Structures are given as C-alpha cells and as structure tokens.
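The structure appears right after this line, and notes come after that.
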Amino acid sequence: MPDAIRFCFDICCQGTVLEGATLEIIETPGLASCCHCGAKIELDRPFGICDRCGSVELKIIQGEELKIRSIEIEDL
Numbered sequence: 001m002p003d004a005i006r007f008c009f010d011i012c013c014q015g016t017v018l019e020g021a022t023l024e025i026i027e028t029p030g031l032a033s034c035c036h037c038g039a040k041i042e043l044d045r046p047f048g049i050c051d052r053c054g055s056v057e058l059k060i061i062q063g064e065e066l067k068i069r070s071i072e073i074e075d076l
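In my numbering, the protein residues as written are 1 to 76.
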C-alpha cells in the first residue's frame, strides 16, 4: 500500500506547485488480537493465524491508521 500511495502522490504532484515535494511514510506494524485465546499477534500481511492456538479469527487492533502528521510548505 505505501508504494501505491507514493506513486499516486508523485503523479498527482506533476505540473503543480507540489512537483518535487517529498512524501514521508512511517509504517506502523499490524497488530491483531485472537478472538479465541486473546493472544496478540503481529501481522506482516492482511491475514494471519494465531501463533498460540492456530485460529484465523483475529480482530485487527493496530495498523489500519492513516494520519497526516504535518505538512511543511516553503515560501515560493
């Protein structure tokens, strides 16, 4: 997903005052909670399996956030 966002950002900025702007993406690791045993599982892809009990019923608790922390604009 971050690669797609970078690509779209670059395309959208072409020919505008934002051309040449940089986009910094800080990825947050995905974290899920097992619905069966309550274990916390780190996710490295959209779907996961509980390391403790093998269940695939997981509730995502972190990693879907998208926040724009800041925008810096230099005087033209």
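All residues carry an ideal CB built from backbone N, CA and C; glycine is no exception. Being a predicted model, the structure only gives us computed values, none of them experimental.
The segment 53-62 makes contact with the segment 29-39; the number of CB pairs closer than 8 Å reaches 3 or more. Taking all protein chains in view, the Cβ of Leu58 is crowded by 16 or more other Cβ atoms within 10 Å, so the residue is classified as buried. The C-alpha of Glu24 lies about 23 Å from the C-alpha of Glu42. Cα atoms of Gly38 and Cys13: separation of roughly 44 Å, rounded to the nearest angstrom. Of the other Cβ atoms in all chains shown, 16 or more fall within 10 Å of the Cβ of Cys50; this residue is therefore buried.
Under the three-state reduction of DSSP, Cys34 is assigned to strand.
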